[in-house]
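Presented below is the structure to which this report refers.
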Amino acid sequence: MPHDTPLITTIVGGLVLAFIFGAFAHRLRMPPLVGYLIAGVLVGPHTPGYVADQNLAPELAEIGVILLMFGVGLHFSLKDLLSVRGIAVPGAIVQIAFATLLGWGLGAFMGWPTDGSLVFGLALSVASTVVLLKALQERRLVETERGRIAVGWLIVEDLAMVLALVLIPAAASIGGEGHAPVEPLSAGLSRLFGLDLGIGGMIAMTLIKVALFVALMLVFGRKLIPWTMHRIAHTGSRELFRLGVLAIALGVAFGAAKLFGVSLALGAFFAGMVLAESELSHRAAQESLPLRDAFAVLFFVSVGMLFDPNILIDKPLPILATVFIIVIGKSVAALLIVLAFKKPLSTALTISASLGQIGEFSFILAALGVELGLLPEEGRDLILAGAIISIILNPLLFFLCDRIRPLLDGAKREDVMAGPAPAADAIAAQEEMLPEDDEVHPTALSGHAIVVGYGRVGSIVGQNLKSAATPFLVIEDSDKRIGELKAQGIETLSGNAVMRETLDLANLSGARSIAIAIPNAFEACRIVEQARSVNPSILIVARAHSDAEVDELKQYGADTVIMGEREIALGMVDRLAQVHHESVPYEDGHGPDTIRPTDDPPPERE
Numbered sequence: 015m016p017h018d019t020p021l022i023t024t025i026v027g028g029l030v031l032a033f034i035f036g037a038f039a040h041r042l043r044m045p046p047l048v049g050y051l052i053a054g055v056l057v058g059p060h061t062p063g064y065v066a067d068q069n070l071a072p073e074l075a076e077i078g079v080i081l082l083m084f085g086v087g088l089h090f091s092l093k094d095l096l097s098v099r100g101i102a103v104p105g106a107i108v109q110i111a112f113a114t115l116l117g118w119g120l121g122a123f124m125g126w127p128t129d130g131s132l133v134f135g136l137a138l139s140v141a142s143t144v145v146l147l148k149a150l151q152e153r154r155l156v157e158t159e160r161g162r163i164a165v166g167w168l169i170v171e172d173l174a175m176v177l178a179l180v181l182i183p184a185a186a187s188i189g190g191e192g193h194a195p196v197e198p199l200s201a202g203l204s205r206l207f208g209l210d211l212g213i214g215g216m217i218a219m220t221l222i223k224v225a226l227f228v229a230l231m232l233v234f235g236r237k238l239i240p241w242t243m244h245r246i247a248h249t250g251s252r253e254l255f256r257l258g259v260l261a262i263a264l265g266v267a268f269g270a271a272k273l274f275g276v277s278l279a280l281g282a283f284f285a286g287m288v289l290a291e292s293e294l295s296h297r298a299a300q301e302s303l304p305l306r307d308a309f310a311v312l313f314f315v316s317v318g319m320l321f322d323p324n325i326l327i328d329k330p331l332p333i334l335a336t337v338f339i340i341v342i343g344k345s346v347a348a349l350l351i352v353l354a355f356k357k358p359l360s361t362a363l364t365i366s367a368s369l370g371q372i373g374e375f376s377f378i379l380a381a382l383g384v385e386l387g388l389l390p391e392e393g394r395d396l397i398l399a400g401a402i403i404s405i406i407l408n409p410l411l412f413f414l415c416d417r418i419r420p421l422l423d424g425a426k427r428e429d430v431m432a433g434p435a436p437a438a439d440a441i442a443a444q445e446e447m448l449p450e451d452d453e454v455h456p457t458a459l460s461g462h463a464i465v466v467g468y469g470r471v472g473s474i475v476g477q478n479l480k481s482a483a484t485p486f487l488v489i490e491d492s493d494k495r496i497g498e499l500k501a502q503g504i505e506t507l508s509g510n511a512v513m514r515e516t517l518d519l520a521n522l523s524g525a526r527s528i529a530i531a532i533p534n535a536f537e538a539c540r541i542v543e544q545a546r547s548v549n550p551s552i553l554i555v556a557r558a559h560s561d562a563e564v565d566e567l568k569q570y571g572a573d574t575v576i577m578g579e580r581e582i583a584l585g586m587v588d589r590l591a592q593v594h595h596e597s598v599p600y601e602d603g604h605g606p607d608t609i610r611p612t613d614d615p616p617p618e619r620e
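Residue numbers (my numbering): 15 to 620.
Structure below.
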């Protein structure tokens, strides 16, 4: 066995230190990613002690970006993407232009050449894929309208950066400031036919290749990828299925980058999006989740490795100006753009907070600019410092937006209510004053049931409660499901039940029972703990997927925990007993009222 194993030591060192400092950060009520960044700084070349491989770490981090975007694609349909194109495309373009202008101004003030200042501004204009998606996933916003706009915005930024990576080397070579490789297809045509396509030709070739990739994925990929996964699923091998998911995610991303010049992240996103049309998408998301999280952690570690803490002392004012452009300038621009499209305030605040950071594409642009002699090394250092600080501040930005929104809503209501108004104007003003689609108000129910999550399990529970005329409400965070519930006349609270504020709005203290139907055991335990502390007499029913989860949920205070596999087995035993022991006739339970109200308590099953 060789003793020089940089790959193993980089993975072990990065993950172990990330775990240690992530746990410390969580203990201090800070986001774990702050601990991951600190771990990266400690294993980087700018601090004493062990230094991880600087070439391997970014490549491992890129795998995390691929898997993360693949996972987002699994929850994102083509219809969702097209539904937000009206705001995502113009909004992203205007925001990129504004941030680039601010960065160019700072570069010009510092005496940099125009080309370098533009590269600097462009690097500050694009948000990090990993940071944005982590923030949305932690708040369970990916499937909401706000989440779809943010992801669509991100895709447009990704496409813009793909084009920029073609234009920057071309501009450098034409300007005589560098000799960089041009777009490969254009270069090949020039050699074969002696045609000089110029920058316009290279832009056209890039757009054609991107369009060709998208067309192939939508025409052939939508049939081939789901068909392949179904064939693998029919083998009955979970190992092969998991391997197939990873092969498709990584293979499509790599092929898109090599053959079509599309970024790895964008290729993986489209692979996930075409697989999302298959009923196996949920299973694929579950199988890829552990690796997704592990490699996403390595992304933050690799970012931390690039950071030199000494720059905080050497150049404090330029760093402050850079962070101001990223966190304040971009966020305010995004906020105003979204509001200009007459979207709700909550959507505008979420988008602005999501984009108030920079990441992987910024590093690529900075490295390319330095390599071509366009951007001074000082600019690259400022971009890295701005990325680190903005990533750390991003959770704080979300926190501030959550606190600012109620104040703005209150001021808006006061302005509307002040002074007389004509009837038509008053009606319009009241409509503007009404809460946004995702605003919630306390329920008037008492002695009711609360259903947390309205997926495959929660919907069955809810329909049976409705059939039994039991008063209940649903806590859900998916815009699509919320719309369906409201159409059925079912009272719904939009939000995450882990948040104490959401449970208070559901009148947890006055409820008789709560059914926690979400599959996430960590969140379920938190909900159980809060429910028991607020209402000690409430009946708590939860679901689990293993004996360990059953024990943990009961330890936190759940009265009854249903494990799917156990209930399936008991159902099979009951059916077999009806045949082998001549029990009561079997009924399939497909009637409209599966559960009827009864005065007798249901039998308990261990």
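Just so you know, even glycine gets a beta-carbon here, dropped at the ideal spot from N, CA and C.
Any idea what DSSP makes of residue i, helix, strand or coil?
i: Val574; result: One detail in the question is off: residue 574 reads as Thr in this sequence, not Val. In this structure, Thr574 counts as strand in the three-state DSSP scheme.
i: Ala141; result: coil
i: Phe123; result: helix
i: Pro240; result: helix
i: Pro304; result: helix
i: Phe227; result: helix
i: Pro104; result: helix
i: Arg589; result: helix
i: Ala44; result: Sequence inspection shows Met at residue 44; the Ala mentioned does not correspond to that position. If DSSP states are grouped into helix, strand and coil, Met44 belongs with coil.
i: Glu293; result: coil
i: Ala482; result: coil
i: Leu95; result: helix
i: Lys8; result: Because the chain here runs from 15 to 620, residue 8 falls outside it and cannot be looked at.
i: Leu331; result: helix
i: Arg514; result: helix
i: Lys356; result: coil
Label residue i either buried or exposed according to how many other C-beta atoms from any shown protein chain fall within 10 Å of its C-beta, with 16 as the threshold for buried.
i: Arg41; result: exposed
i: Thr19; result: exposed
i: Thr24; result: buried
i: Gly117; result: buried
i: Gln544; result: buried
i: Lys344; result: buried
i: Asp491; result: buried
i: Lys148; result: buried
i: Phe123; result: exposed
i: His244; result: exposed
i: Phe486; result: buried
i: Leu132; result: buried
i: Ile22; result: exposed
i: Ser551; result: exposed
i: Leu584; result: exposed
Just list the residues that DSSP pairs residue i with in beta bridges.
i: Ser508; result: Glu490
i: Leu553; result: Ser527
i: Ile464; result: Leu487 and Ile528
i: Ala558; result: Met577
Just to confirm my understanding: we take residue i, look at its own chain, exclude 5 residues before and 5 after, and list those with CB closer than 7 Å. What are they?
i: Phe255; result: Ile246, Ala247 and Glu301
i: Ile239; result: Ile262, Ala285, Val288 and Leu289
i: Leu353; result: Ala362
i: Pro45; result: Ala39 and Pro409
Using a Cβ-Cβ cut-off of 8 Å (strictly less than) and excluding sequence neighbours within five positions of residue i, which residues of its own chain qualify?
i: Asp561; result: Met577
Compare the beta carbon distance of residue i and residue j with 7 Å and say whether it is the shorter of the two.
i: Thr574; j: Ala520; result: no
i: Leu51; j: Phe314; result: yes
i: Ile333; j: Ser404; result: no
i: Ser376; j: Ala348; result: no
i: Ile530; j: Ala556; result: yes
i: Arg162; j: Val98; result: yes
i: Val317; j: Gly400; result: no
i: Leu312; j: Gly28; result: yes
i: Ile532; j: Ala282; result: no
i: Gly467; j: Ser142; result: no
i: Leu56; j: Ala186; result: no
i: Gly135; j: Thr114; result: yes
i: Phe274; j: Lys223; result: yes
i: Thr506; j: Leu517; result: no
i: Gly524; j: Ser460; result: yes
i: Ala102; j: Gly63; result: no
i: Ser360; j: Leu146; result: no
For residue i, which residues of its own chain have a beta-carbon under 6 Å away from its beta-carbon, when the five flanking residues on both sides are left out?
i: Arg546; result: Gly571
i: Ala32; result: Tyr50, Ala53, Val311 and Val315
Looking at the ligand FAD, does it come within less than 6 Å of residue i, judged from the CB to the closest heavy atom?
i: Val165; result: Looking for the ligand FAD in the displayed structure turns up nothing, as the structure carries no ligands at all.
Hey, is residue i's beta-carbon within less than 7 Å of any beta-carbon in chain D?
i: Leu115; result: Annotation note: the requested chain D is absent from the structure, which comprises a single protein chain.
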